[in-house]
Structure formats: C-alpha cells, structure tokens
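**Q** Submitted below is the structure of interest, expressed as structure tokens.
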Amino acid sequence: MKIIVFFSGTGSNLESIIHQQKTYGYKVTGSFCNNPDAAGIKISEDHNIACYVLNSKNFDDRNEYDKKISDYLEAQDFDYIILAGYMRILSKFFVQNWEGQIINIHPSLLPKYPGLDTHKRALENKDKYHGTTIHYVTEELDAGPIIRQERIEIEPNESIESLIERVKSLENKIYPETIGTLIT
Ligand code: GRF
11 MKIIVFFSGT GSNLESIIHQ QKTYGYKVTG SFCNNPDAAG IKISEDHNIA CYVLNSKNFD
71 DRNEYDKKIS DYLEAQDFDY IILAGYMRIL SKFFVQNWEG QIINIHPSLL PKYPGLDTHK
131 RALENKDKYH GTTIHYVTEE LDAGPIIRQE RIEIEPNESI ESLIERVKSL ENKIYPETIG
191 TLIT
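Here it is as structure tokens:
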C-alpha cells in the first residue's frame with residue numbers, strides 16, 4: 011500500500027508515519043508541502059522521501075493551486091493521500107477527483123469542533139474529554155466518514171500546551187496504525 015503524505019508544518023505525524031512504515035506494511039512514496047518553511051521538509055528529505063514543495067502564498071486562486079497538485083499526483087504511484095497537518099482546505103474538484111482516497115487527522119472528537127483552535131475550544135467549554143479523529147475527506151470540512159476516533163481525559167488545570175502535546179502523541183501512535191489497516 012502506497013501513500014503520499016501532505017503536511018504544512020512541524021511534521022510530527024509525518025515522522026511517525028515514516029518511522030512505522032515497515033511495522034504496518036505501507037510505503038511513503040512521496041510527500042507534499044505548501045509551506046517552504048515547514049520543519050517537516052527536512053524530515054522527509056532525511057528519510058530520502060522526495061518532497062514536492064509548492065508555496066501556496068504565491069497563488070491567489072485555490073483551483074489553480076490544487077490543479078498543480080493534481081498534475082503532480084497524476085505522475086505518482088499511490089493508493090492514498092494522507093493529510094497530516096495539511097492546513098489548507100482542498101478545492102471541490104480536487105476532493106471529487108480523489109474521493110475515497112484522501113484521509114485526514116483532525117485534533118478533536120468530531121463532529122465536535124471542526125476547523126481551527128480545537129484545543130482552546132475544548133478547554134474553554136470545560137469538556138471532560140478531547141481527542142483526535144481520523145476520517146475520509148469529503149467536500150464538507152472535517153465532516154467525512156470517521157475511520158477511528160480516540161479520546162483522552164482533560165486533566166484539571168490542563169494547559170493548552172500540554173493538551174496539544176498529549177493529543178499529538180496520541181495521533182502519532184494511532185495514525186500509522188490506522189493507515190496500516192486501509193485497504194488497497
Ligand atoms: C495535528 O494535531 C493534526 O491533527 C492537525 O495538525 C497537527 C499537525 O501536527 N491537523 P504535526 O505537523 O503532524 O506535528
């Protein structure tokens with residue numbers, strides 16, 4: 011099973027996905043990044059995974075940008091597009107083009123808190139639990155069919171930093187595991 015990982019920043023999920031390839035029987039055949047300053051680019055390069063970087067700030071038009079990504083994907087060999095902290099909304103034509111093959115991880119217990127600032131919202135609402143959701147990407151933001159969801163209990167006086175970190179380590183564990191269960 012072959013995957014291409016999309017990311018925008020730190021790349022902790024990218025790294026754990028790369029590290030667990032053999033364990034879970036998939037192969038990262040490439041990566042894509044919209045942000046030339048993303049730390050994940052070095053992670054990809056250090057593991058000899060070609061990373062295609064296309065600065066989204068140089069494009070005014072989302073369709074034009076996503077058309078470039080589509081052109082790149084057409085030339086790749088892959089089964090799934092794995093979004094791992096890819097902080098851009100995908101255009102309608104793009105999602106339709108690869109429907110059923112795009113997977114995302116979102117740091118909340120969907121359908122709670124689609125969009126940004128999920129940890130802050132969970133803390134402000136004094137939620138008992140927070141967590142992460144792995145789901146198929148559809149045209150509606152963070153609303154596609156759920157593949158797996160895991161939760162953690164929010165500690166009394168938990169800081170946003172600790173909550174972000176605890177959710178990330180959960181993600182780093184379950185994303186590779188779940189990718190390993192996808193069917194080609
Ligand atoms: C993760 O929490 C993921 O759920 C969200 O963005 C974050 C990316 O973190 N979509 P990293 O770049 O993988 O460290």
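Taking our numbering, the leading residue of the sequence shown gets 11, the next gets one more, and so forth. From the three backbone atoms N, C-alpha and C, an ideal C-beta is built for every residue, glycine too.
1. How far does the beta strand (DSSP E) with isoleucine 91 in it extend, from its first residue to its last?
2. May I have the straight-line CA-CA distance separating tryptophan 202 from glutamate 150, to the nearest angstrom?
3. So lysine 138 is in the beta strand (DSSP E); what residue range does that whole segment cover?
4. Quick one: give me the first and last residue of the alpha helix (DSSP H) that tyrosine 36 is part of.
5. Is isoleucine 112 near ligand 1 - that is, is its Cβ less than 7 Å away from at least one heavy atom of it?
6. Report yes or no: do three or more beta-carbon pairs, one from the segment 183-192 and one from the segment 130-146, lie closer than 8 Å?
7. Report the residue ranges of all beta strand (DSSP E) runs contained in full by the segment 64-121; include only those spanning at least 3 residues, in chain order.
8. Name the one or two DSSP bridge partners that glutamine 159 has.
9. Does the distance from the CB of histidine 140 to the CB of leucine 120 come in under 8 Å?
10. Would you tell me roughly how many angstroms separate the C-alpha atoms of aspartate 127 and leucine 173, rounded to the nearest one?
11. Compute every distance between the C-beta of phenylalanine 17 and the non-hydrogen atoms of ligand 1, then say whether any falls below 7 Å.
12. Within 7 Å: the Cβ of lysine 178 and any heavy atom of ligand 1?
13. Report the rounded CA-to-CA distance for leucine 24 versus glycine 35, giving the unit in angstroms.
14. Excluding the five sequence neighbours on either side, which residues of its own chain have a C-beta within less than 7 Å of the C-beta of lysine 130, listed in chain order?
15. Would you call histidine 29 buried or exposed, if buried means 16 or more other Cβ atoms sit within 10 Å of its Cβ?
16. Alpha carbons only, please: which of Asn68, Asp71, Glu175, Gln86 is nearest the one belonging to phenylalanine 42?
17. Run the proximity test for leucine 119: is its beta-carbon closer than 7 Å to any non-hydrogen atom belonging to ligand 1?
**A** Inspection of the coordinates gives the following:
1. Counting from 1 along the sequence shown, the entry for residue 91 is found at position 81. Segment 90-93, the beta strand (DSSP E) holding isoleucine 91.
2. Outside the modelled stretch of the chain, which goes from 11 to 194, sits residue 202, for which no answer is possible.
3. Within the sequence shown, the letter at position 128 stands for residue 138. Lysine 138 -> no beta strand (DSSP E), and no H or E assigned at all.
4. Locating residue 36 in the sequence shown gives position 26, where the first residue counts as 1. Careful: tyrosine 36 lies outside any alpha helix (DSSP H) and carries neither H nor E.
5. Here residue 112 refers to the residue found at position 102 when the sequence shown is read from its first residue. No, Cβ of isoleucine 112 sits at least 7 Å from all heavy atoms of ligand 1.
6. The segment 183-192 vs the segment 130-146: in contact.
7. Runs of the beta strand (DSSP E) inside the segment 64-121: 90-93, 112-116.
8. Translated into positions along the sequence shown, residue 159 becomes position 149. Beta-bridge pairing links glutamine 159 to Thr143.
9. Counting from 1 along the sequence shown, the entry for residue 140 is found at position 130. Counting from 1 along the sequence shown, the entry for residue 120 is found at position 110. Taking C-beta atoms as the reference points, histidine 140 and leucine 120 fail to come closer than 8 Å.
10. By one-based count along the sequence shown, residue 127 stands at place 117. By one-based count along the sequence shown, residue 173 stands at place 163. Approximately 12 Å, taken between the alpha carbons.
11. Within the sequence shown, the letter at position 7 stands for residue 17. Yes, the beta carbon of phenylalanine 17 sits closer than 7 Å to at least one heavy atom of ligand 1.
12. Sequence index remark: in the sequence shown, residue 178 carries index 168 (1-based). When distances are taken from the beta-carbon of lysine 178 to the heavy atoms of ligand 1, the shortest one is below 7 Å.
13. What you label residue 24 is simply residue 14 of the sequence shown in a count that begins at 1. What you label residue 35 is simply residue 25 of the sequence shown in a count that begins at 1. Roughly 16 Å between the two C-alpha positions.
14. Taking the sequence shown and counting its residues from 1, the one referred to as residue 130 is at position 120. In chain order, Ile170 place their CB closer than 7 Å to the CB of lysine 130, counting only its own chain and leaving out the 5 sequence neighbours on each side.
15. Taking the first residue of the sequence shown as 1, we reach residue 29 at position 19. When all chains shown are included, histidine 29 counts as exposed.
16. The sequence position of residue 42 within the sequence shown is 32, counting from 1. Proximity to phenylalanine 42 across Asn68, Asp71, Glu175, Gln86 peaks at Gln86, based on C-alpha coordinates.
17. Working through the sequence shown from its first residue, we reach residue 119 at position 109. With a cutoff of 7 Å, leucine 119 does not count as near ligand 1, since its C-beta is closer than that to no heavy atom of the ligand.
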